[in-house]
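Visitor:
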Amino acid sequence: MIGKDRVMGPCRAVGHSASSSSSLARRSFSLGSRRSVSAVSATLESRDTDAASSGLDRLVITAPDDWHLHVRDGDVLADVVPHTASEYSRAIIMPNLTPPVTTTRLAEEYKERIRRQVPQGSVFEPLMTLYLTDNMPVDEVYKAKESGILAFKLYPAGATTNSDSGVTDVRNCFEVFKAMEETGVILLVHGEVVDPKIDIFDREKVFIESTLQVILDKFPRLKVVLEHITTKHAVEFLETAPDNVGATVTPQHMLLNRNSLLVGGIKPHFYCLPILKREEHRRAIVDAVTTGAPHFFLGTDSAPHPDRNKLSACGCAGIYSAPMALPIYAQIFEEAGALGNFEKFASINGPAFYDVPRNQHKLELVRETWEVPKSYKFGKDVVVPLGAGTKLNWRVAC
Numbered sequence: 001m002i003g004k005d006r007v008m009g010p011c012r013a014v015g016h017s018a019s020s021s022s023s024l025a026r027r028s029f030s031l032g033s034r035r036s037v038s039a040v041s042a043t044l045e046s047r048d049t050d051a052a053s054s055g056l057d058r059l060v061i062t063a064p065d066d067w068h069l070h071v072r073d074g075d076v077l078a079d080v081v082p083h084t085a086s087e088y089s090r091a092i093i094m095p096n097l098t099p100p101v102t103t104t105r106l107a108e109e110y111k112e113r114i115r116r117q118v119p120q121g122s123v124f125e126p127l128m129t130l131y132l133t134d135n136m137p138v139d140e141v142y143k144a145k146e147s148g149i150l151a152f153k154l155y156p157a158g159a160t161t162n163s164d165s166g167v168t169d170v171r172n173c174f175e176v177f178k179a180m181e182e183t184g185v186i187l188l189v190h191g192e193v194v195d196p197k198i199d200i201f202d203r204e205k206v207f208i209e210s211t212l213q214v215i216l217d218k219f220p221r222l223k224v225v226l227e228h229i230t231t232k233h234a235v236e237f238l239e240t241a242p243d244n245v246g247a248t249v250t251p252q253h254m255l256l257n258r259n260s261l262l263v264g265g266i267k268p269h270f271y272c273l274p275i276l277k278r279e280e281h282r283r284a285i286v287d288a289v290t291t292g293a294p295h296f297f298l299g300t301d302s303a304p305h306p307d308r309n310k311l312s313a314c315g316c317a318g319i320y321s322a323p324m325a326l327p328i329y330a331q332i333f334e335e336a337g338a339l340g341n342f343e344k345f346a347s348i349n350g351p352a353f354y355d356v357p358r359n360q361h362k363l364e365l366v367r368e369t370w371e372v373p374k375s376y377k378f379g380k381d382v383v384v385p386l387g388a389g390t391k392l393n394w395r396v397a398c
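The end of the sequence shown is residue 398 by the UniProt record's numbering, with every number in the run present.
In structure tokens, the structure reads:
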């Protein structure tokens with residue numbers, strides 16, 4: 001919704017920035033160009049002609065939700081939770097802690113730790129998930145449903161951060177899937193195979209063909225979210241899938257391609273899993289998502305790591321985007337000439353899929369150039385965010 005509706009939602013937290021020696025400072029990259037994205041020569045910093053094409057200086061939307069979020073645990077919660085709580089009303093919290101969140105009791109305890117870090121006056125509500133394992137008791141599905149847990153997360157063992165306790169064979173989970181299908185608990189899927197013979201750039205495509213389709217054929221009423229899609233194959237699958245299948249989409253997979261990660265030197269702050277793909281895949285995702293189609297909804301996969309862990313010899317996968325994801329998404333939609341569909345993606349499609357009410361308050365974005373901090377405080381370390389040191393055309397208004 002675009003216009004002058006009263007805004008009652010949360011405003012953007014200023015947060016605590018910290019200086020960083022990262023080589024990402026002032027790193028530039030492209031938002032919406034149909035040319036191959038270059039993290040070296042292209043730039044996020046105001047393509048003024050394209051960015052102003054909508055003629056709008058403010059955008060008022062139903063308050064958004066983040067349907068895929070990592071906030072970690074411990075003292076860093078105080079640093080990252082306010083960034084999300086200031087802009088989103090709800091977020092699906094990922095359960096891949098150490099140890100993982102495998103029971104309803106653990107989820108309830110984790111939820112309380114998160115809630116303690118929500119700023120006063122915020123309406124933010126963490127939505128909890130459980131980490132699926134090979135030996136998950138079926139009874140846990142019913143306990144989770146009764147407690148208000150919306151979803152279980154399927155991590156193929158070894159596919160991503162803290163996934164070693166994940167599923168080794170989906171057939172081990174068929175009884176759990178049956179109970180989820182009966183109760184309406186949603187299955188969230190990290191859609192990559194872990195077979196070392198499969199190229200890392202092909203793992204999503206192979207997972208859809210070899211694993212996801214098997215699950216859907218066996219449990220046709222099970223609600224499934226294919227998380228953080230990265231390929232045109234996923235787009236094509238979603239466009240023909242039944243209504244009980246949806247997908248989250250991250251800012252980085254709409255913004256960057258694998259050249260952004262690899263050309264001109266490796267950019268560790270662009271390393272995430274699933275890994276960035278070819279430009280043709282990025283373009284297919286942007287083209288599909290900006291239509292406002294109901295099976296695509298916002299899920300940042302914001303995943304903070306201490307900067308020292310990103311810059312190590314075996315760097316962690318994950319991009320921190322919570323403080324600037326909304327302006328980046330808005331800029332992508334605008335450059336696609338589809339700003340009118342942004343609210344569907346950010347605020348409408350997700351609640352419809354999860355069968356929860358839309359938020360009743362509003363959030364306002366204004367056209368105003370601002371510079372993304374080079375880093376944010378993260379416990380005793382810092383975290384370097386997506387677009388560190390670059391300028392964005394939109395910001396969330398207070």
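For each residue, glycine too, the CB sits at the ideal point set by N, CA and C.
Give the range of the beta strand (DSSP E) segment to which L365 is assigned.
Guide: Looking up residue 365 in the sequence shown gives position 365. It spans 362 to 371 - the beta strand (DSSP E) in which L365 sits, taken as one unbroken run.
Visitor: Measure the beta-carbon distance from G379 to D139 and round it to whole angstroms, keeping in mind my assumption that it falls under 8 Å.
Guide: By one-based count along the sequence shown, residue 379 stands at place 379. By one-based count along the sequence shown, residue 139 stands at place 139. Contact doesn't hold; Cβ gap of about 36 Å is too wide.
Visitor: At which residues does the beta strand (DSSP E) containing R395 begin and terminate?
Guide: In the sequence shown, the residue the question calls residue 395 occupies position 395. Looking at the DSSP string, the run of the beta strand (DSSP E) that includes R395 is 391 to 396.
Visitor: List the endpoints of the continuous alpha helix (DSSP H) containing T84.
Guide: On the sequence shown, position 84 is the one that residue 84 refers to. First-last of the alpha helix (DSSP H) with T84: 77 to 85.
Visitor: In angstroms, rounded to a whole number, what distance separates the CA positions of L261 and C272?
Guide: Mapped onto the sequence shown, residue 261 falls at position 261. Mapped onto the sequence shown, residue 272 falls at position 272. Going by the C-alpha atoms only, they are around 10 Å apart.
Visitor: Between the alpha carbons of T98 and G337, how many angstroms are there, rounded?
Guide: Reading the sequence shown from its first residue, position 98 is the one you call residue 98. Reading the sequence shown from its first residue, position 337 is the one you call residue 337. If I take the Cα positions, the gap works out to 43 Å.
Visitor: If you reduce the DSSP assignment to three classes, tell me which class D65 lands in.
Guide: Translated into positions along the sequence shown, residue 65 becomes position 65. DSSP places D65 in strand when its eight states are reduced to three.
Visitor: Tell me which residues share the same chain as A397 and place their Cβ nearer than 7 Å to its Cβ, disregarding the 5 neighbours each side in the sequence.
Guide: Translated into the one-based positions of the sequence shown, residue 397 becomes position 397. Closer than 7 Å at the Cβ level, and outside the excluded window around A397, lie C11, E364, L365, V366.
Visitor: Leaving aside the five residues before and after G246 along the sequence, list all residues of the same chain whose C-beta is less than 6 Å from its C-beta, in chain order.
Guide: In the sequence shown, residue 246 corresponds to position 246, counting from 1. V225, H295, F353, listed in sequence order.
Visitor: Going by other Cβ atoms of all chains shown within 10 Å of its Cβ, with 16 needed for buried, is N135 buried or exposed?
Guide: Residue 135 sits at position 135 when you count from the first residue of the sequence shown. It is exposed - the Cβ of N135 has fewer than 16 other Cβ atoms within 10 Å.
Visitor: Determine the extent of the beta strand (DSSP E) in which F378 is found, giving its start and end residues.
Guide: Along the sequence shown, one-based indexing puts residue 378 at 378. From DSSP, the beta strand (DSSP E) with F378 extends over 376 to 378.
Visitor: Taking Cβ positions, are L69 and D301 nearer each other than 9 Å?
Guide: As a working note, residue 69 is residue 69 in the sequence shown. As a working note, residue 301 is residue 301 in the sequence shown. Result yes, Cβ atoms of L69 and D301 sit closer than 9 Å.
Visitor: Can you name the residues that DSSP bridges to E125?
Guide: Translated into positions along the sequence shown, residue 125 becomes position 125. Answer is R90, bridged to E125.
Visitor: Quick check on DSSP: helix, strand or coil for I215?
Guide: Your numbering for residue 215 matches position 215 in the sequence shown. Residue state, collapsed to three classes: helix.
Visitor: Give the DSSP bridge partners of P385, in chain order.
Guide: Mapped onto the sequence shown, residue 385 falls at position 385. Answer is Y320.
Visitor: What three-state label does DSSP hand T183 in the structure shown?
Guide: Counting from one through the sequence shown, the residue named residue 183 turns up at place 183. Helix at T183.
Visitor: G299: which of G55, W67, R58, D57 sits nearest, CA to CA?
Guide: By one-based count along the sequence shown, residue 299 stands at place 299. Here the closest residue by C-alpha is W67.
Visitor: Determine the contact status of K277 and F201, defining contact as a CB-CB distance below 9 Å.
Guide: For the purposes of this step, residue 277 is identified with residue 277 of the sequence shown, where counting begins at 1. For the purposes of this step, residue 201 is identified with residue 201 of the sequence shown, where counting begins at 1. Yes, the Cβ-Cβ distance between K277 and F201 is below 9 Å.
Visitor: Hey, how far is the Cα of G387 from the Cα of Y376?
Guide: As a first step, residue 387 is located in the sequence shown; it is residue number 387 there, counting from the start. As a first step, residue 376 is located in the sequence shown; it is residue number 376 there, counting from the start. Straight-line Cα distance between these residues: approximately 12 Å.
Visitor: Figure out for me which residue from H228, T230, A234, P196 has the closest Cα to the Cα of Q213.
Guide: Counting from 1 along the sequence shown, the entry for residue 213 is found at position 213. When each option's Cα is compared against that of Q213, the closest is A234.
Visitor: List the residues that DSSP assigns as beta-bridge partners of R58.
Guide: By one-based count along the sequence shown, residue 58 stands at place 58. DSSP lists V366 as partners of R58.
Visitor: Is the beta carbon of P64 sitting closer than 9 Å to the one on S86?
Guide: By 1-based counting over the sequence shown, the position of residue 64 is 64. By 1-based counting over the sequence shown, the position of residue 86 is 86. It is not a contact, given that the beta carbons lie outside the stated cut-off.
Visitor: Within the same chain, show all residues whose beta-carbon is closer than 7 Å to that of A144, passing over the 5 residues directly before and after it, in chain order.
Guide: Indexing the sequence shown from 1 puts residue 144 at position 144. T104, L130, V185, listed in sequence order.
Visitor: So the alpha helix (DSSP H) K145 belongs to, where does it begin and stop?
Guide: Reading the sequence shown from its first residue, position 145 is the one you call residue 145. Taken as a continuous stretch (DSSP letters only), the alpha helix (DSSP H) holding K145 covers 139 to 147.
Visitor: Whose C-alpha, out of R58, L56, T62, is nearest the C-alpha of H361?
Guide: By one-based count along the sequence shown, residue 361 stands at place 361. It is T62 whose Cα lies nearest to the Cα of H361.
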